[in-house]
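Chemist:
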Amino acid sequence: MDTDTEKSIVEQPAAKKPEALHSGHRKRMFDRVLKNSRHSFDTLEDHEVLEMLLYFVYTRKNTNPIAHRLIDTFGSLGKVLNAPLDALREVEECGPQTALLIKLCRELFTRWQREENTRRAAARITSSEKAAEYLLGYFTDLQHERVIAIFLDNKCAVMDTVVFPPGQVNYSKLDFRAIIQRAINLNAAMLVLAHNHPDGLAVPSKADRSATNMLNTVLYSMQITFFDHLIFGDGNTYYSMHDHGELTPFR
């Protein structure tokens, strides 16, 4: 069988095959994800994530051009996942197994998102422990700094969770206008903010405390309660400004 023909891994014979032309590139791609799990997939561009996905269909072929072709055809990675099965199959070198794999990924994401939405809709954050439990998955093994805002109603139910773009990597430099505007749009009563320290230390810096105090002053003037600011470190450790008496107690 032609090695450039689309085929599934399960269809490969057990006999050892000669090293593929692009195996060196594939090894480097896998190493970026597997050698240091803290980096995970954060270092990959959209087309590289799709390229790696297609390794499981094309076991010996350079999938980079196919990934680019799919994204160029539909406009973005998200639009590739949302494309109809027949439309995917019309893209050059995107056969039925490739199209099916992409749609299966879309279905997995849809079901996960539905489950997450149900969980979040039922969530009530009434303590720093509840906030940490809710947020932990966002920060586990994350190499870069991330800032997240949780907006609550007056019964402590989660109204929205906003993950700020990677470009806003420093909590102390975060543009608070986006937080305030979202709070106004939602008519939120309370806010929990969180960010992580990639160095692993769950201890607020002087800049963290200064920025927290500034935001707290603005929110207080708007009658919005700033319940907590959590700083996550290594090993699921976290620091709660609420628990350390630095912010308003929970209702």
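In numbering that gives the first Met the number 0, the protein residues as written are 0 to 250. The C-beta atom is built at its ideal place from N, Cα and C for all residues, glycine as well.
According to DSSP, is M28 helix, strand or coil?
Modeler: helix
Chemist: Along the chain, where does the beta strand (DSSP E) that runs through T224 open and close?
Modeler: T224 to F231 is the extent of the beta strand (DSSP E) around T224.
Chemist: Starting from F138 and walking both ways along the alpha helix (DSSP H), at which residues does that stretch end?
Modeler: S127 to F138
Chemist: Between N212 and C155, what straight-line distance do the alpha-carbon atoms span, to the nearest angstrom?
Modeler: 22 Å
Chemist: If you draw a straight line from the alpha carbon of K102 to that of I65, how long is it in whole angstroms?
Modeler: 16 Å
Chemist: Does the pairing of the region 224-237 with the region 186-194 give three or more beta-carbon distances under 8 Å?
Modeler: Enough Cβ pairs lie closer than 8 Å, so yes.
Chemist: From F231, L218, A182 and L246, pick the residue whose C-alpha is nearest to that of D159; which is it?
Modeler: A182
Chemist: In the DSSP output, which residue or residues are listed as bridge partners for S239?
Modeler: DSSP output for S239 lists L229 as bridge partner(s).
Chemist: Could you check what DSSP says for T160 in three-state terms: helix, strand or coil?
Modeler: strand
Chemist: If distances are taken between C-alpha atoms only, which option among S220, A177, I179 and S239 comes closest to L200?
Modeler: Among S220, A177, I179 and S239, the Cα nearest to that of L200 belongs to S239.
Chemist: So the beta strand (DSSP E) L190 belongs to, where does it begin and stop?
Modeler: M189 to N195
Chemist: Should G166 go down as buried or exposed, given a rule of 16 or more other Cβ atoms within 10 Å for buried?
Modeler: For G166, the pLDDT reaches just 48, beneath the cut-off of 50, and the residue's location in the model is therefore unreliable, although a value from the coordinates is still provided. By the neighbour-count rule (16 or more Cβ atoms within 10 Å), G166 is not buried but exposed.
Chemist: Please go through the same chain and pick out, in chain order, the residues whose beta-carbon is closer than 7 Å to the beta-carbon of V168, but skip the five residues on each side of it.
Modeler: For V168, the predicted model reports a pLDDT of 40, less than 50, meaning its position is unreliable and no value from the coordinates is stated.
Chemist: Note the first and the last residue of the continuous alpha helix (DSSP H) segment covering V79.
Modeler: L76 to N81
Chemist: For D174, does the count of other Cβ atoms within 10 angstroms reach 16, so buried, or fall short, so exposed?
Modeler: exposed
Chemist: Mapping DSSP to helix, strand and coil, what is L151?
Modeler: strand
Chemist: So, for F138: in the same chain, excluding its five sequence neighbours on each side, which residues have a beta-carbon less than 7 Å away from its beta-carbon?
Modeler: R145, N195 and F231
Chemist: So what's R68 in DSSP terms, helix, strand or just coil?
Modeler: DSSP places R68 in helix when its eight states are reduced to three.
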